[in-house]
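Residue numbers (the numbering used here): 33 to 103.
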């Protein structure tokens, strides 16, 4: 059984990371660096969390097409 709370947290963190990448791409503005500083330990933790959550969300592909009875 999947942990829906963890899924929602991971998805939210990845969406925030995607918005940050969009800001970098469109406006050359890094929101994380402007709030926490450029490559400080806090910003590195945030980048690492976004990366880990992205890796975790790869597992969503294994569950595509499953119904509740398949789990």
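Ideal placement from N, C-alpha and C gives every residue a C-beta, glycine not left out.
Handout entry: Cβ pair count under 8 Å reaching 3, the segment 37–53 against the segment 69–77
Key = no
Problem - Close Cβ partners of residue 64 (< 8 Å) along its chain, the five nearest in sequence each way excluded - result: 52, 75, 78 and 79
Exercise for the section: For residue 90, count neighbouring C-beta atoms within 10 Å of its own C-beta (all shown protein chains included) and say buried if the count is 16 or more, exposed if not. Expected result: exposed
Exercise for the section: Determine the direct distance from the alpha carbon of residue 92 to that of residue 35, and round the result to whole angstroms. Expected result: 12 Å
Handout entry: Rounded straight-line distance, which links the Cα of residue 60 to that of residue 94
Key = 35 Å
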